[in-house]
Amino acid sequence: MQYLRNCWYMVGWAKDFAVGELAPLVLGNERLVVYRGASGLLAALEDRCPHRLAPLSAGCLEHDNIRCLYHGLKFAPDGRCVQIPGQAAIPATVAARSFPIVEMHSAAWVWMGKKSNADPALIPDFVGIEHPDWQMLPGRMDYNASYTLINANLLDLSHVPYVHRNSFGGGEELNPEAGAAFTMAEPTIETLDRGLRMTTVQKSTPTGALFRNEVGPVTDMWTTNDFLVPGIFLLTMEFFAPGAIDRAGGQRPTETPLHRNFSCQAVTPLTDRTSRYFYAFGPWPQSKMSAETFAKISEIAFAEDKAMINAQQQVIDSAAAVRPKLLHMDKMNSKFDSIMRRLLAADAAEDGAVAHSLTAAVE
Amino acid sequence: MQYLRNCWYMVGWAKDFAVGELAPLVLGNERLVVYRGASGLLAALEDRCPHRLAPLSAGCLEHDNIRCLYHGLKFAPDGRCVQIPGQAAIPATVAARSFPIVEMHSAAWVWMGKKSNADPALIPDFVGIEHPDWQMLPGRMDYNASYTLINANLLDLSHVPYVHRNSFGGGEELNPEAGAAFTMAEPTIETLDRGLRMTTVQKSTPTGALFRNEVGPVTDMWTTNDFLVPGIFLLTMEFFAPGAIDRAGGQRPTETPLHRNFSCQAVTPLTDRTSRYFYAFGPWPQSKMSAETFAKISEIAFAEDKAMINAQQQVIDSAAAVRPKLLHMDKMNSKFDSIMRRLLAADAAEDGAVAHSLTAAVE
Amino acid sequence: MQYLRNCWYMVGWAKDFAVGELAPLVLGNERLVVYRGASGLLAALEDRCPHRLAPLSAGCLEHDNIRCLYHGLKFAPDGRCVQIPGQAAIPATVAARSFPIVEMHSAAWVWMGKKSNADPALIPDFVGIEHPDWQMLPGRMDYNASYTLINANLLDLSHVPYVHRNSFGGGEELNPEAGAAFTMAEPTIETLDRGLRMTTVQKSTPTGALFRNEVGPVTDMWTTNDFLVPGIFLLTMEFFAPGAIDRAGGQRPTETPLHRNFSCQAVTPLTDRTSRYFYAFGPWPQSKMSAETFAKISEIAFAEDKAMINAQQQVIDSAAAVRPKLLHMDKMNSKFDSIMRRLLAADAAEDGAVAHSLTAAVE
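Residue numbers (the working numbering), protein chains in the order written: chain A, 1 to 363; chain B, 364 to 726; chain C, 727 to 1089.
Structure below.
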C-alpha cells in the first residue's frame, strides 16, 4: 500500500512516552522507536541498528542517546552513531534514519516525508484532552484493518444508526429513517487544503436518546465536522433552543448553547492491515454529563466500529478483485479520495524530482 | 484448487439453521451466508454486501430478507437489493449473488454451479437421521486438510485396520492380514453416473470385535458402498447367518439379516486446506446396539482419521513437488479421480460455452 | 535458503532417542523421522511414506523397521519398503530416503549430503557431557530465527558485555570498555579446514564476577575457541595464577590452572526461520563450582541471546533489502562466511557433476 509521506501522523498521546521507555512502533510498514530523552525531548529513529539490524527498542537510554544492547553501538537523537565499542573511527554510513517528531495538542506527531517539508503548522487543530474548553479522556484502539477502511467509516456517518444502534443510538429499536435524522440531513461541504469541512444544520430536530436528558426532546443542532489527511476527525456538536438558527438568520447561533461537545480522532496506519486509532470525546465544562460518561460510550461505540471493520477487512482480503459499489452516502468519501490522490501524486512528484537531481549530480 | 461447481454440497444438517441465525460459511473458497427466513425457507447469499463489502452475516434478518448492519442496505433471499437508506433509486448492480439451496434428507444442500443446472434429483440418496429404517445421530467435524485427502481416505478402506485398530478394530492386536479381512476381499465395482458402487461379499467370515456380541463369531456379510461426487459416502453392512449367500445363489440374501447398519457421510470443501465432514452411522431399529453406541465409536474413529489426514496435509504442504505413489489398494481412488476429471472438464466446457456466447453477443 | 549438505548436523543428544519413539524432526527444511530400533541402532528416514505422504513418525516401530499406520506399509532402516498389505510385489520406487546417522560424543549426527561422503571423521570433537574431563549437563533451545544469525552471534563475542550483562557479566553495572576486556583482547586466528580457531591471551586481567570466588580477582587467562561448520562452537577457558603465561614464554602454560571450563554448542537449522541450539557448559572436576551452576547460568544467558536474535530476525524480515554494515568486530564472521561459501560452492559443484554424469548417461 502507498502511504502519504509528507504529513504528520499521530503516534501516541504525549503522556504515553515516559523518559527511559523505548517504544517500538510500526508506522506505514516502517519500524520506528520513539522515546523521550532525559532532557524531555521526543526522538524517533528507525528501530534497526545499522550494524546487525537488531531493534534499537531493545536497547537502553543514555541521557538523550540510545544504545543498542546487542553489540553496544550508541546513537544520538538525530540518528548519528556516536560510539562503536572496540573501534575508534565511526563510518558516516553507520547511522540510523531519524524522523521529525513534535509534541503538540497533548499528542506526539511524526513526519514520514522530506525533513525540510516538516512544518508544524500542518499539524491539525487536534485540541482536546487537557484543553480548558473540553472535558475529555484519551482513548486508543488497535484494528486489524487498513486505515483506509477506518477513514471511510468516519467519512460516512450514515453507519451510525446501524453500527451504533446500541451505543450512540441509545439502544432504541432500529428505525433507519428516524434514527438517521442527522445523516439524512444534507451537510454543506467545503473543501479545505488538506481535507473537508461538513456543516450540518438541523432545526427543531428530535434529540437522540443519549442527549435527551441534557437538552430536552427537541433542539436546533449545528454540527461541524472536519476530516483532514491522513485521517483526522474533528467533530463539534452544538445543541440550541429550538428556533435559535432562524433567530440567527440561518447562521451559527451566537446565543449560549444548551450543550456542546467535541470529538478529536486520529487514524494512523501501522501496516497494510493494522491501524491504530486515537480518540477523545467529551462535553464542555458546563455539562451535567461527565468526561467518563463520554469515554465509556466512546469505548463501546468504537468497539462496534472495530468489529464491523475488522470483519469487512477479512471479506475484502478473501475477494481481492471485488470493488465496492459507491452510493449517494459515499459522496464525502469520493471527495476525500480526490484529496488523497492529489497529495500522493505530490509525494511521487517529489520522488521524481529527487531522482532527477540525483541523476543530474551523477552526470 | 479447482472445485466442482455443478454439484450439490452439503452445508449442514437442516436442524442447524434456526430462524434468525445468519450462518457464515466458506464453501470452495467462497464466503456464503446461509439462513432460514421467517417463512421457514433457507437462503444462501454471498456473504458480502456489494456496497462496502461488509459481511452480511453480521447483519440481521427482517422477515425473509437480510439487512446489512453497516450502512443498512436490505437484500431479498434472491440477492436483489430492496432498500438503500437515503437513496430512492436502487441500481441493479447493487445485488448479492445467491445460490440454489435445498433442504432434503434432513440436510441443507447448496449448488455452486449454473442455476439452471440445479436439479434436486442430483442430491444423493443421503437418507439417515430421522429415517425410520435407521437409528442414528448426526455428527460433524472440521479438518485442516483438503477434501480430496478425506475422499481418498473414504475410497480406500484398507486404512481401517491401521488407523482404526483401537476403534472399529476393537483394540485387538494389530494383525494386518487378519484384521484386513474386509479390505482384502476384492469388491465388485460398478461405475455410476456420478460415482462408484462397491459390493463386497464375504462368506463365513470372522466377525470384528465391534459386532461379535450382536451377531456371533462368524457370519456371511454383504456390504454395499456408494461413493458419489463431490464426496458422499453411503455404506450399508448386512450380517447374515453363515451360508446365507450360498443359499441365495450368490445374490444378496433375502432372508432376515442378523444385523444391518448404515453410514452416510459428506465431505465439503471449505478452502483449499480446510474441510467440513458430516456423518451419521447407526443400526437398524431391531439392533441391541444403540444409536449412541454407534455415534460414540464414530466420533472416536473419525478423530483418528482427522489426526492422520491433517498430519498428511502438513507433509504434503512441505513437499509440493512430491507425488503419491499409487498402489493396488488405490484402484477405487483411480476410478473416482476419472469421474471427477470428467465432471471438472464439463464445468470448464460450460465456461467455454458461456465465454463463446458472450463473445458472440459482442460481435 | 541454501543449506550445506555435505556436513554432519547434530540432531539431538543420544539419550533423547529411546527405543520405540519415532522423533519427527525438520532439518534444513526437510522432514525427517529419527528413531532407535530394537537393536539399539539409530535410523533417519524422510518423514513421509512414499505411498500417500503420511508422516512415518505417526507410525510404529517393528523391531528395527518402521510401519506407516495409515495403510500399513513397512520400511527397513535403509528406507527400503519390505511390506505392502494386499500386494505381493513391492516396486523399487516405493522407498523412503534414508540419511546416514552416527551416534558420537553422546549426540546424534545426521549427514544431509552424498552418502559416500559421510565420513564420521568429519564429526567435530564435540566432547562434553559424559566425558571424564568435564562436569556438564546437556541443554537445548529452539529459536525462531535463521541459524546464520545464531552463528554470527557465536562468532562475535563482543556482544557478551551487552546481551549478557546480567548473566555471564554477573549483573555489574554496564561498562562497555571494562566489561569487554575479553572481547577487546585481539585473538590469534587460525583458519582450519572447516572452521576457525581463535586463541585469546590475557595477562593479569581482572576476573569477571562469575569466576571471582573461584580464582581470585586477577588471573592470566588462556582461551581457545573453535568454530566449525555448520555451527559448532567449542570454547575452553583456562585461568592461571598471574604471570603464568610469561613464565611459559608466552605459550599456553603447562602449570596446573586455577580453573578450567569448557562449552560445546551446536546450531542446527530446522527451517529458514527456525533453529535448534544444543549446548553444554561446565567446569573441570576439581572445581568448587557445580555442573548445575554452569547449566543454570547457561540457560539464563542463552535465553538472553534468543530474545535478542529472535527480535533481530523480525527486524530483518521487515526490511528485506537492508544489509548489515560490518564493523571491526565482525572479522571472525567474515572469515567464517568465506569458509561457508567455499563449502556451499563445493556442494553445488557436486550437483553439477551429478547433473553432468546424468546427461552423459542419457546421451
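Note that the Cβ used here is the ideal one computed from N, Cα and C, for glycine as well.
Given the structure is predicted, the values throughout are model-derived calculations rather than measurements.
- Query: Going along chain B, which residues have a C-beta under 8 angstroms from L779 of chain C?
  - Reply: For this step, residue 779 of chain C is matched to residue 53 along the third sequence. Near L779 of chain C (Cβ distances below 8 angstroms), the residues of chain B are Q675, V678, I679, A682, V685 and P687.
- Message: Run through chain A and tell me which residues come within less than 7 angstroms of S884 of chain C, C-beta to C-beta.
- Response: The residue labelled residue 884 of chain C in the question sits at position 158 within the third sequence. Neighbours of S884 of chain C on chain A, chain order: H71, P85 and G86.
- Neighbour-count burial assignment, N892 of chain C, 16 or more Cβ in a 10 Å radius: As a first step, residue 892 of chain C is located in the third sequence; it is residue number 166 there, counting from the start. Counting the other CB atoms within 10 Å of its CB gives N892 of chain C a total below 16, which places it among the exposed residues.
- Query: Are F596 of chain B and F574 of chain B close, meaning C-beta to C-beta below 8 angstroms?
  - Reply: Within the second sequence, the letter at position 233 stands for residue 596 of chain B. Within the second sequence, the letter at position 211 stands for residue 574 of chain B. No; because the gap between Cβ atoms is not below 8 angstroms, this pair is not in contact.
- Do M467 of chain B and A643 of chain B have their C-beta atoms closer together than 8 angstroms? Taking the second sequence and counting its residues from 1, the one referred to as residue 467 of chain B is at position 104. Taking the second sequence and counting its residues from 1, the one referred to as residue 643 of chain B is at position 280. In this structure, M467 of chain B lies away from A643 of chain B, with their beta-carbon atoms at least 8 angstroms apart.
- Query: What are the boundary residues of the alpha helix (DSSP H) that I971 of chain C is part of?
  - Reply: If you number the third sequence from 1, residue 971 of chain C lands on position 245. That run of the alpha helix (DSSP H) goes A970 to R973.
- Message: Please identify the residue among B:D519, B:A452 and B:L408 whose C-alpha is closest to the C-alpha of I429 of chain B.
- Response: Translated into the one-based positions of the second sequence, residue 429 of chain B becomes position 66. Comparing Cα positions, the closest option is B:L408.
- Task: Please state if the CB of G231 of chain A and the CB of Y162 of chain A are separated by a distance shorter than 8 angstroms.
- Result: Here residue 162 of chain A is taken as the residue at index 162 of the first sequence, counted from 1. Here residue 231 of chain A is taken as the residue at index 231 of the first sequence, counted from 1. No.
- Message: Is there a Cβ of chain A sitting closer than 8 angstroms to that of P463 of chain B, yes or no?
- Response: Along the second sequence, read from residue 1 onward, the residue named residue 463 of chain B stands at position 100. Answer no: the Cβ-Cβ gap between P463 of chain B and chain A never drops below 8 angstroms.
- Message: My assumption, with CB atoms under 8 angstroms, is that D347 of chain A sits in contact with N29 of chain A. Please give the rounded CB distance.
- Response: Within the first sequence, residue 347 of chain A is the residue found at index 347, counting from 1. Within the first sequence, residue 29 of chain A is the residue found at index 29, counting from 1. So it is not a contact: roughly 15 angstroms between Cβ atoms.
- Query: Is there at least one Cβ from chain B nearer than 8 angstroms to L367 of chain A's Cβ?
  - Reply: The structure shown does not extend to residue 367 of chain A, since chain A is modelled only from 1 to 363, so the question has no answer here.
- Message: Taking 7 angstroms as the cut-off, is the C-beta of Q676 of chain B nearer than that to any heavy atom in the ligand COA?
- Response: Annotation note on the ligand COA: not contained in the displayed structure, which lists no ligands.
- Under 8 angstroms between C-beta atoms, does V229 of chain A make it to chain B? Taking the first sequence and counting its residues from 1, the one referred to as residue 229 of chain A is at position 229. Cβ-Cβ to chain B under 8 angstroms: no for V229 of chain A.
- Message: 8 angstroms is my cut-off, CB to CB: does E214 of chain A come that close to chain C?
- Response: Working through the first sequence from its first residue, we reach residue 214 of chain A at position 214. Chain C places no beta carbon closer than 8 angstroms to that of E214 of chain A, leaving this residue out of the contacts.
- Evaluate G558 of chain B with the Cβ neighbour count: other Cβ atoms within 10 Å of its Cβ, from every protein chain shown; 16 or more gives buried, anything less gives exposed. Here the question's residue 558 of chain B lines up with position 195 in the second sequence. Its Cβ being crowded by 16 or more others within 10 Å, G558 of chain B is buried.
- Task: Note down the Cα distance separating L768 of chain C from N696 of chain B, rounded to an integer number of angstroms.
- Result: Position 42 of the third sequence holds residue 768 of chain C. Position 333 of the second sequence holds residue 696 of chain B. It is roughly 36 angstroms from the alpha-carbon of L768 of chain C to the alpha-carbon of N696 of chain B.
- Task: Please check if any C-beta of chain B sits within less than 8 angstroms of the C-beta of Y162 of chain A.
- Result: Stepping through the first sequence from its first residue, residue 162 of chain A is reached at position 162. Contacts with chain B at 8 angstroms (Cβ-Cβ) include Y162 of chain A.
- Taking only the alpha-carbon atoms, compute the straight-line gap between D589 of chain B and A320 of chain A and give it to the nearest angstrom. Translated into the one-based positions of the second sequence, residue 589 of chain B becomes position 226. Translated into the one-based positions of the first sequence, residue 320 of chain A becomes position 320. Cα to Cα, D589 of chain B sits roughly 39 angstroms from A320 of chain A.
- Simplified DSSP state of P846 of chain C, which is helix, strand or coil: Here the question's residue 846 of chain C lines up with position 120 in the third sequence. Three-state result, P846 of chain C: helix.
- Query: Taking 8 angstroms as the CB-CB limit, is R636 of chain B close to chain A?
  - Reply: In the second sequence, residue 636 of chain B corresponds to position 273, counting from 1. For R636 of chain B, no CB of chain A lies under 8 angstroms from its own CB, so it is not counted at the interface with that chain.
- Message: Under 8 angstroms, with one C-beta from each stretch per pair, do the stretch 1015-1026 of chain C and the stretch 910-920 of chain C reach the 3-pair mark?
- Response: At 8 angstroms Cβ cutoff, the stretches do not touch.
- Message: Are the CB atoms of P979 of chain C and I971 of chain C within a distance shorter than 8 angstroms?
- Response: Your numbering for residue 971 of chain C matches position 245 in the third sequence. Your numbering for residue 979 of chain C matches position 253 in the third sequence. Between I971 of chain C and P979 of chain C, the C-beta spacing is below 8 angstroms.
- Interface residues of chain A around M1034 of chain C at Cβ under 9 angstroms? Locating residue 1034 of chain C in the third sequence gives position 308, where the first residue counts as 1. Simply A54, P55, A58, L69 and Y70.
- Task: Please list the segments of the alpha helix (DSSP H) lying wholly inside the stretch 197-232 of chain A, counting only runs of 4 or more residues, in order along the chain.
- Result: Qualifying alpha helix (DSSP H) stretches, in chain order: 212-215.
- Could you spell out where the alpha helix (DSSP H) holding E1030 of chain C opens and where it closes? If you number the third sequence from 1, residue 1030 of chain C lands on position 304. Where E1030 of chain C is concerned, the enclosing alpha helix (DSSP H) stretches over A1017 to D1043.
- Message: Measuring straight from C-alpha to C-alpha, what distance separates A1017 of chain C and V955 of chain C?
- Response: Along the third sequence, read from residue 1 onward, the residue named residue 1017 of chain C stands at position 291. Along the third sequence, read from residue 1 onward, the residue named residue 955 of chain C stands at position 229. Spanning the two alpha carbons is a distance of roughly 27 angstroms.
- Query: Around the Cβ of D482 of chain B, are there at least 16 other Cβ atoms within 10 angstroms (buried) or fewer (exposed)?
  - Reply: Within the second sequence, the letter at position 119 stands for residue 482 of chain B. Exposed, because fewer than 16 other Cβ atoms sit within 10 Å of the Cβ of D482 of chain B.
- Query: Taking Cβ-Cβ distances shorter than 7 angstroms, what residues in chain C pair up with L690 of chain B?
  - Reply: Here the question's residue 690 of chain B lines up with position 327 in the second sequence. Per Cβ cutoff of 7 angstroms: H777, I810 and Q813.
- Can at least three beta-carbon pairs, one atom from the stretch 379-388 of chain B and one from the stretch 420-429 of chain B, be found at a separation below 8 angstroms? Verdict: yes, contact present.
- Query: Buried or exposed: which applies to N939 of chain C, given that a residue is buried once 16 or more other Cβ atoms fall within 10 Å of its Cβ?
  - Reply: Position 213 of the third sequence, counted from the first residue, corresponds to residue 939 of chain C. Looking at its Cβ environment, which holds fewer than 16 other Cβ atoms inside 10 Å, N939 of chain C is exposed.
- Is F1062 of chain C helix, strand or coil by DSSP? Start at 1 with the first residue of the third sequence, and residue 1062 of chain C comes out as number 336. If DSSP states are grouped into helix, strand and coil, F1062 of chain C belongs with the helices.
- Query: How many whole angstroms separate the CB atoms of H434 of chain B and S158 of chain A, which I take to be in contact at a CB cut-off of 8 angstroms?
  - Reply: In the second sequence, residue 434 of chain B corresponds to position 71, counting from 1. In the first sequence, residue 158 of chain A corresponds to position 158, counting from 1. Contact holds; Cβ gap of about 6 angstroms.
- Query: Quick one: Cα of D351 of chain A to Cα of R342 of chain A, how far?
  - Reply: What you label residue 351 of chain A is simply residue 351 of the first sequence in a count that begins at 1. What you label residue 342 of chain A is simply residue 342 of the first sequence in a count that begins at 1. For the pair D351 of chain A and R342 of chain A, the Cα-to-Cα distance works out to about 14 angstroms.
- How many Å lie between F699 of chain B and L485 of chain B at the Cα? As a working mapping, residue 699 of chain B is identified with position 336 in the second sequence. As a working mapping, residue 485 of chain B is identified with position 122 in the second sequence. Looking at the two C-alpha atoms, the distance is approximately 17 angstroms.
- Query: Can a CB atom of chain A be found closer than 8 angstroms to the CB of R623 of chain B?
  - Reply: To locate residue 623 of chain B, count along the second sequence from 1; it is residue 260. By this cut-off, R623 of chain B is not an interface position.
- For the alpha helix (DSSP H) containing P161 of chain A, list its first residue and its last residue. Here the question's residue 161 of chain A lines up with position 161 in the first sequence. Per DSSP, P161 of chain A belongs to the alpha helix (DSSP H) from V160 to V163.
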